[in-house]
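Number of protein chains: 2
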Amino acid sequence: MALNSKFFGSIILTLLCLTLLSHGNQAHAQKTNSVFGMVIHGGAGTILKKNMTPELEQAYQVKLKEALQTGYAILENNGSSMDAVEATLKILENSPLFNAGKGAVFTGDGTHELDASIMDGKTLQAGAVAGVKHVKNPIALARLVLEKSPHVMMVGDGAEEFAVQHHLERVSQYYFYTEKRWKSLQKRKNAAVKKTTMGPKKENIKLTDKEEGTVGAAALDKEGNLAAGTSTGGMTNKMFGRVGDSPIIGAGTYANNQTCAVSGTGHGEYFMRLLVAYDIHALMAYQGKSLKEAANTVIMKKLEELGGTGGIIAIDKDGNIAMPFNTAGMYRGYIRENGEAIVKIYQDKD
Amino acid sequence: MALNSKFFGSIILTLLCLTLLSHGNQAHAQKTNSVFGMVIHGGAGTILKKNMTPELEQAYQVKLKEALQTGYAILENNGSSMDAVEATLKILENSPLFNAGKGAVFTGDGTHELDASIMDGKTLQAGAVAGVKHVKNPIALARLVLEKSPHVMMVGDGAEEFAVQHHLERVSQYYFYTEKRWKSLQKRKNAAVKKTTMGPKKENIKLTDKEEGTVGAAALDKEGNLAAGTSTGGMTNKMFGRVGDSPIIGAGTYANNQTCAVSGTGHGEYFMRLLVAYDIHALMAYQGKSLKEAANTVIMKKLEELGGTGGIIAIDKDGNIAMPFNTAGMYRGYIRENGEAIVKIYQDKD
Chain A
1 MALNSKFFGS IILTLLCLTL LSHGNQAHAQ KTNSVFGMVI HGGAGTILKK NMTPELEQAY
61 QVKLKEALQT GYAILENNGS SMDAVEATLK ILENSPLFNA GKGAVFTGDG THELDASIMD
121 GKTLQAGAVA GVKHVKNPIA LARLVLEKSP HVMMVGDGAE EFAVQHHLER VSQYYFYTEK
181 RWKSLQKRKN AAVKKTTMGP KKENIKLTDK EEGTVGAAAL DKEGNLAAGT STGGMTNKMF
241 GRVGDSPIIG AGTYANNQTC AVSGTGHGEY FMRLLVAYDI HALMAYQGKS LKEAANTVIM
301 KKLEELGGTG GIIAIDKDGN IAMPFNTAGM YRGYIRENGE AIVKIYQDKD
Chain B
351 MALNSKFFGS IILTLLCLTL LSHGNQAHAQ KTNSVFGMVI HGGAGTILKK NMTPELEQAY
411 QVKLKEALQT GYAILENNGS SMDAVEATLK ILENSPLFNA GKGAVFTGDG THELDASIMD
471 GKTLQAGAVA GVKHVKNPIA LARLVLEKSP HVMMVGDGAE EFAVQHHLER VSQYYFYTEK
531 RWKSLQKRKN AAVKKTTMGP KKENIKLTDK EEGTVGAAAL DKEGNLAAGT STGGMTNKMF
591 GRVGDSPIIG AGTYANNQTC AVSGTGHGEY FMRLLVAYDI HALMAYQGKS LKEAANTVIM
651 KKLEELGGTG GIIAIDKDGN IAMPFNTAGM YRGYIRENGE AIVKIYQDKD
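Those protein sequence lines, which keep their order, are chains A and B.
Per the working numbering, the first sequence starts with residue 1, numbered consecutively.
Per the working numbering, the second sequence starts with residue 351, numbered consecutively.
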């Protein structure tokens, strides 16, 4: 009896403290309409300083800053987080430095297949496309699916036809060609130890920055609305028809005004099995974890334990930013109210 | 200081009690290897007794029982939950009564496009296919993707080629034809108020049992392993290339030995935006909710509030079963250790 009353007393005291903490958070959230910001990534992998030339490093930094400043200009000017995410991702899609849009990797068939998704944290509306071959900016097509179709996801020729109907800019497959990616495919094909017609075995899949990658953005606007988007060229030498996490709502992309906006990059199959982006939201919503705690739990613990590699970028409803990854490096950066673009490539300790 | 020590003391006491409770649960889980069972659905929608003939009602009941007994025979004989789910779903795919495999609905283009997914709760491995046109049993192809490819999801021609490489039974599009579904398409096309080349507007999408539906199964085997699978012919008159929730891990299908196995049916776009199947897991894992509480929260509250319709079937690691839906009816049933197949169609009060 004495133990019981002590136990219930302790529960009540704990709940009281949690309630006070939670009220504090709510009060904080209500007064933050001047808070805004954006966080982006350009892929995670074995990105090491020793393998990088100063020129290439600078090229990445310049492009990441340009992308951040594009988003910032929209947010600063009272634009929406959805507009900021789309505009920012177009900059990265149009750059041959990243595995998305121009610069996309090759499938095992020697073609390009592009995937993208976008989610609006205010309405929980989402749009996604997979396996498109002739759309210059897949992120724009994902947004069209969100806004102009009754569907969330469209793939292949159907997605392509939808782009035609909406007069979206289309390009030949040759537009996506870069010599670097073509050489990656040849190298990968030659290196395959156990080549089978069914593609590489599970155990032969290793993630490197040359073969994988994605671009992603998450933004909080002055209205307190969150949005996230992701775009990718997939995986070098993948079987054609393979879809990774980038166009999967909850795996590679998720946004919810209640908590945060997230975009992921890495070995997509693991992100799909773990529902990485949604899981960060769920840990915040259901366990009251902070963005940093939730993101670290999912990337540094759950992804790591399952054997997956990659990272995420995220911003929460209060403007907090997280960018954890368990690879050697991740192209990443963020920008806040003051307009200073912070860009990083390697692990923070480097 | 006094408050602090009291507070930390209370936290430690709470943690101690939670640890004891959790140990109790583990002990319970370890001794339940005689518990097993299976739960299935054949789609949710405006299924009303007044619109049903006794013959048709009986046909549904007979087929649902056959499916349950097929899964039961495997589980009873120490088979795996993965085998039970696949075998059960093949029965439903092969029946023209349900919108999956034979009996699939038509796209706006007059073709059939099939989607399916399966997940192993022990390993969190998953396999999914979307937009396949010539595979007799899409659930078998989803399992092949899980077992024989390094990927989780394959779509369109790539998925089709993978089926060819693995000698899976393929059929012509005509195999999927049923007069009932063809008439539904004509009716739907004629009824479209605002026909555009881009397909129906968001507000014109209404869910009826004639146009939607899915089949799904979730099983717990004697080893305590959970598995879930879902298969569908999609949505009548949908734009070709549209992918719904059935092949999306976390939306239409999810299994995790830690909590439960879930398969959903309904207006897929809402299931994708809410991550319905994963959300039930998350509420159990992160908030300690029971399967029933978690499933009701997601279907009767969150789905309802967002304006979506449908239902789920689920079984948890202790063999508890849940089958909530917010439509007039859902073809559903379950079977437990005693081998008695319980089948229902309408709301429980009917």
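Each residue gets a CB set at the ideal place from its N, CA and C atoms; glycine is no exception.
B:D470 carries a strand assignment under DSSP once its states are collapsed to helix, strand and coil. In the displayed model, B:K498 falls within a helix according to three-state DSSP. With respect to the 8 Å criterion, B:G387 and B:E573 are not classified as neighbours on the basis of their beta carbons. Distance from the CA of A:Y334 to the CA of A:V155, rounded to the nearest whole angstrom, comes to 31 Å. Shown in chain order are the members of the stretch 603-615 of chain B whose Cβ falls below 9 Å from a Cβ of chain A: Y604.
Residue range 329-335 is occupied by the beta strand (DSSP E) that includes A:Y334.
Pairing A:A294 with A:L283 gives a Cβ-Cβ distance under 8 Å. For B:A476, the neighbours in chain A by C-beta distance under 9 Å run, in chain order, E269, M272, R273. Rounded to whole angstroms, the separation of the alpha carbons of A:A322 and A:I315 is 6 Å. Taking C-beta atoms under 8 Å as the contact rule, A:N256 and A:G121 qualify, at a distance of about 5 Å. In this model, A:L89 and A:A44 are separated by some 16 Å (Cα to Cα).
By the Cβ neighbour-count rule, B:K533 is exposed, with fewer than 16 other Cβ atoms within 10 Å of its own. Neighbourhood of A:H134 in chain B, by CB distance below 7 Å: empty, with the nearest CB roughly 14 Å away. Each residue's CA atom was taken as its position, placing B:V565 and A:Y175 some 42 Å apart.
Rounded to whole angstroms, the Cβ separation of B:A578 and B:A611 is 4 Å, and the two are in contact under 8 Å. The continuous alpha helix (DSSP H) containing B:T420 extends over residues 404-426. Sequence-distant partners of B:P488 (beyond 5 residues in either direction) whose C-beta falls short of 8 Å from its own C-beta, in its chain, are E443, A450, G451, L464, D465, A466, V479, V482, S581. Interface annotation, A:Q173: not in contact with chain B, CB-CB separation never under 8 Å. For B:N575, the number of other beta carbons within 10 angstroms of its own is at least 16, and it is reported as buried. Secondary structure note for A:G42: its beta strand (DSSP E) is the uninterrupted segment 37-45.
Of all C-beta pairs linking the stretch 240-253 of chain A to the stretch 591-608 of chain B, three or more are shorter than 8 Å, placing the two stretches in contact. When secondary structure is reduced to three states using DSSP, A:D316 falls in the strand class. Per DSSP, the continuous beta strand (DSSP E) segment holding B:M504 begins and ends at 503-505.
It is roughly 14 Å from the alpha-carbon of B:M622 to the alpha-carbon of B:G584.
A:K136 and A:Q287 have their C-alpha atoms roughly 41 Å apart. Here DSSP, grouped into helix, strand and coil, assigns B:D629 to helix. At a cut-off of 8 Å, the C-beta of B:M503 has a neighbouring C-beta in chain A.
Interface flag for A:M300 against chain B is unset, since no Cβ pair is found closer than 8 Å. Interface flag for B:G506 against chain A is set, since a Cβ pair is found closer than 8 Å.
The continuous alpha helix (DSSP H) containing B:I441 extends over residues 431-443.
With respect to B:K498, B:H516 sits close: the two C-beta atoms are nearer than 8 Å. About 12 Å separates the Cβ atoms of B:G602 and B:A567, ruling out a contact at the 8 Å cut-off.
Following the DSSP letters along the chain, one finds B:K694 inside the beta strand (DSSP E) bounded by residues 691-696. Rounded to whole angstroms, the separation of the alpha carbons of B:L496 and B:A476 is 5 Å. Under the 8 Å criterion on CB atoms, B:Y628 is classed as interfacial with respect to chain A.
Contacts between B:V455 and chain A, judged by CB atoms closer than 7 Å, are missing: the closest CB pair is about 15 Å apart.
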